[in-house]
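Asks: Handing you a structure now.
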Amino acid sequence: PGVNNSSSNPYLIRRIEELNKTANGNVEAKVVCLFRRRDISGNLNTLADSNAREFEEESKQPTPSEPQKHQLKHRELFLSRQFESLPATHIRGKCNVTLLNETDVLSGYLEKEDCFFYSLVFDPVQKTLLADQGEIRVGSKYQAEIPDKLAEGESDNRIQEKLETKVWDPNNQLKDPQIDQFLVVARAVGTFARALDCSSSIRQPSLHMSAAAASRDITLFHAMDTLQKNSYDLAKAMSTLVPQGGPVLCRDEMEEWSASEAMLFEEALEKYGKDFNDIRQDFLPWKSLASVVQFYYMWKTTDRYIQQKRLKAAEADSKLKQVYIPTYTKPNPNQIMAPGSKPVYKRGSSASRKASAVRVAHSKYSPQWYAWGPPNMQCRLCASCWIYWKKYGGLKTPTQLEGEVQGMSPFTRNEGRAKLLAKNRQTFILQTTKLTRIARRVCEDILQPHRAARRPYASINANAVKAECMFNTLLLHVNHSLSKDRNVSQHVPSTF
């Protein structure tokens with residue numbers, strides 16, 4: 001489901017494992033955490049991008065457009081092994097999360113509402129991304145190599161002994177009663193061998209337990225292999241069962257494992273499920289992977305497994321299967337306009353201008369607006385963009401503002417950017433030089449300062465300004481000289 005833990009952040013994606021009723025009557029959900037791209041570091045995002053490119057090449061995906069690539073990052077999640085408990089009242093809706101495989105088309109996720117995918121597992125403690133073990137191996141490199149069909153009349157020259165190993169011949173000279181008698185002898189030898197072995201006598205102190213251990217499949221397989229190797233000669237086979245050093249003892253994984261190791265295995269199985277690599281790595285590193293797998297399938301045939309299965313079934317019956325969650329009707333603190341009010345678009349406000357810059361649909365009206373991003377940026381989102389942000393943790397088109405808001409993630413905070421945005425803007429005065437002020441007055445025909453300021457992107461012809469300035473300066477100098485001569489002539493005596 002989608003879980004609301006903050007009025008401004010996107011919904012958290014969680015997978016419900018069980019619902020429990022607390023002592024005070026409230027319902028809590030035990031959930032598995034799934035993380036978005038905005039919740040992991042930039043290095044891990046680079047690793048996820050590399051994994052996405054490899055998936056596109058191997059599965060031969062159609063090349064998505066740039067907006068589709070951007071939106072697909074909002075649909076990608078990362079599974080984790082982290083569990084947490086949260087109140088059921090925080091659940092806001094249901095979504096679908098699937099494991100990505102080679103048969104999927106990525107663009108199909110964009111056509112479905114509330115649909116996500118994952119292919120990597122995120123470890124919040126180690127800060128690592130690993131491939132999920134449940135992938136489906138589809139492709140040319142996973143196909144079997146089938147030899148060509150033999151032509152009619154062509155003989156097979158292959159040596160069968162090199163292709164397979166014969167372990168039993170049903171057309172042997174022994175009858176079924178003779179084989180059954182030999183199996184009884186093999187069980188008896190196995191019981192006697194356990195009586196002579198000190199470690200086995202400690203694990204199976206009674207004769208009944210030793211006989212039961214000697215009757216398992218490992219003893220019967222050894223007896224049949226002995227008949228096959230001795231060409232189904234009973235005398236030779238019996239002498240092989242009891243050589244000179246004493247009776248042959250065959251033990252399987254159920255006998256090789258101690259009681260404490262079996263308890264560790266059950267604890268690991270409860271935590272990791274059938275993830276045998278993690279079971280071996282974290283709980284039983286001294287065991288081989290084959291030994292762990294073999295013990296699991298033998299453990300499933302024991303009474304211990306049946307008892308635990310019954311206990312789990314009884315616990316499942318006592319747990320809550322479903323819970324009714326009423327519709328959440330409390331107003332969102334980020335909501336600017338209350339529902340029912342008339343839509344307003346203020347052209348002159350900085351909030352509306354920034355809202356139009358981050359929206360995908362270029363409509364000027366919305367039934368309500370939501371505050372988005374840092375308070376000092378004063379950004380606004382319309383209703384449709386707000387719903388997309390809460391569901392998918394991003395905007396439909398990439399913007400610089402979105403990256404700045406994602407920097408406020410609880411896992412990757414951009415503290416330096418937040419401090420920079422929080423600084424007060426410094427007031428400054430632009431004071432021109434005396435030469436510039438003279439040029440503005442002298443070159444009024446070409447420069448025209450009030451017109452040039454309206455077009456800051458247009459270039460100014462400096463040579464034309466210089467030529468006009470020199471011409472106007474020369475003209476002013478001539479006018480000044482003529483004016484001076486005129487003033488002198490007015491003061492000449494009349495006798496001249």
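Just so we're aligned, residue 1 is where the sequence shown starts under the UniProt record's numbering, counting upward by one.
Ideal placement from N, C-alpha and C gives every residue a C-beta, glycine not left out.
Distance check for L395 and W389, CA to CA, integer angstroms please.
Replies: So the alpha carbons of these two residues sit roughly 6 angstroms apart.
Asks: Looking at M298 and M263, is the spacing between their C-beta atoms short of 7 angstroms?
Replies: Cβ distance not < 7 angstroms, so M263 and M298 don't count as in contact.
Asks: Expressed to the nearest angstrom, what Euclidean distance is found between the alpha-carbon atoms of E28 and P87?
Replies: Taking the straight line joining both Cα atoms gives about 5 angstroms.
Asks: Based on the DSSP secondary-structure assignment, which residues constitute the bridge partners of G93?
Replies: Note: G93 sits in a beta bridge opposite G2.
Asks: Using the Cβ count rule (16 or more neighbours within 10 Å means buried), how would you classify A355?
Replies: Because the pLDDT at A355 is just 39, under 50, the model does not fix this residue reliably, and the value given afterwards should be weighed accordingly. With 16 or more other Cβ atoms within 10 Å, it is buried.
Asks: In the DSSP assignment, the alpha helix (DSSP H) including V184 goes from what residue to what residue?
Replies: Where V184 is concerned, the enclosing alpha helix (DSSP H) stretches over 176-196.
Asks: Do you know how far the Cα of F182 is from the Cα of M238?
Replies: Cα-Cα distance, rounded: 8 angstroms.
Asks: As a quick exercise: from N5, P374, L34, pick the residue whose alpha carbon is nearest that of N96.
Replies: Checked all of N5, P374, L34; the closest Cα to N96 is L34.
Asks: According to DSSP, is S80 part of a helix, a strand, or is it coil?
Replies: Here S80 sits in strand by DSSP.
Asks: At 3 residues or longer, and completely inside the UniProt domain "BAH" (1-133): list those beta strand (DSSP E) runs for me, N to C.
Replies: Runs found: 12-21, 27-35, 76-87, 91-93, 96-99, 115-123, 128-131.
Asks: Suppose the cutoff is 8 angstroms on Cβ atoms and the five residues either side in sequence are ignored; what does the same chain contact list for T22 look like?
Replies: The answer, listed in chain order, is E28.
Asks: In whole angstroms, what is the alpha-carbon distance linking S6 and L311?
Replies: Straight-line Cα distance between these residues: approximately 38 angstroms.
Asks: Assign C385 to one of two classes, buried (16 or more other C-beta atoms within 10 Å of its C-beta) or exposed (fewer than that).
Replies: The residue in question, C385, is buried, as its Cβ has 16 or more Cβ neighbours within 10 Å.
Asks: Over the uninterrupted beta strand (DSSP E) stretch that includes C382, give me the two end residues.
Replies: Looking at the DSSP string, the run of the beta strand (DSSP E) that includes C382 is 379-382.
Asks: Buried or exposed for V478, going by 16 or more other Cβ atoms inside 10 Å?
Replies: Exposed: under 16 other Cβ atoms inside 10 Å.
Asks: Rounded to whole angstroms, how far is the Cβ of E186 from the Cβ of H222, which I believe are closer than 8 angstroms?
Replies: Sequence check: residue 186 is Ala here, not Glu. Rounded, the Cβ-Cβ distance is 7 angstroms, consistent with contact.
Asks: Can you confirm whether the segment 100-113 touches the segment 65-77 when touching is taken to mean that 3 or more C-beta pairs between the two stretches lie within less than 8 angstroms?
Replies: Yes, the segment 65-77 touches the segment 100-113.
Asks: Going by CA-CA distance only, name the one from M224, L150, A313, L249 that's closest to S199.
Replies: The candidate whose alpha carbon is nearest that of S199 is L249.
Asks: So, using beta-carbon positions, are G373 and C379 closer together than 7 angstroms?
Replies: Yes, these two residues count as a Cβ contact at 7 angstroms.
Asks: If the criterion is Cβ atoms closer than 7 angstroms, does the pair S8 and N334 meet it?
Replies: Closer than 7 angstroms, so yes.
Asks: Please list, in chain order, all residues of the same chain as A131 whose beta carbon is under 8 angstroms from its beta carbon, the five residues on each side excluded.
Replies: Around A131: N51, S119, L120, V121.
Asks: If you count every other CB in all the chains shown that lies within 10 Å of the CB of Q1, and 16 or more means buried, which is it?
Replies: Note that residue 1 is Pro in the sequence shown, not Gln. Buried: at least 16 other Cβ atoms inside 10 Å.
Asks: Reducing DSSP to helix, strand and coil, say where W369 ends up.
Replies: The answer is strand: DSSP assigns W369 an E or B state.
Asks: Where does H477 fall in DSSP's three states?
Replies: H477: helix per DSSP, three-state reduction.
Asks: So, is P62 buried or exposed, given that buried needs 16 or more other C-beta atoms within 10 angstroms?
Replies: Per the 10 Å Cβ criterion, exposed.
Asks: Could you give the first and the last residue of the continuous alpha helix (DSSP H) run that contains R280?
Replies: Segment 276-282, the alpha helix (DSSP H) holding R280.
Asks: Taking the straight line between their C-alpha atoms, what separation do you get for Q228 and E164?
Replies: Straight-line Cα distance between these residues: approximately 15 angstroms.
Asks: Go ahead and pull the three-state DSSP assignment for Q335.
Replies: Q335: strand per DSSP, three-state reduction.
Asks: For K434, which three-state DSSP category applies?
Replies: The answer is helix: DSSP assigns K434 an H, G or I state.
Asks: If the criterion is Cβ atoms closer than 7 angstroms, does the pair P67 and G393 meet it?
Replies: In this structure, G393 does not lie closer than 7 angstroms to P67 by Cβ.
Asks: With 16 as the cutoff for other CB atoms within 10 Å, does F265 come out buried or exposed?
Replies: By the 10 Å Cβ count, F265 comes out buried.
Asks: Report the residue from W257, T436, V31 whose alpha carbon sits nearest the alpha carbon of V3.
Replies: Looking at the Cα atoms, V31 is the closest of the given residues.
Asks: Measuring alpha carbon to alpha carbon, tell me which residue in L100, N101, D114, D104 is nearest G93.
Replies: Answer by Cα proximity: D114.
Asks: Quick check for students: name the residue ranges of the alpha helix (DSSP H) that lie wholly in the segment 233-275, counting only runs of 4 or more.
Replies: Complete alpha helix (DSSP H) runs here, min 4: 234-241, 253-256, 259-272.
Asks: For the alpha helix (DSSP H) containing S210, name the first residue and the last one.
Replies: Where S210 is concerned, the enclosing alpha helix (DSSP H) stretches over 207-214.
Asks: Have a look at L284 and N277 and give me their C-alpha separation to the nearest angstrom.
Replies: Roughly 10 angstroms separates the two Cα atoms.
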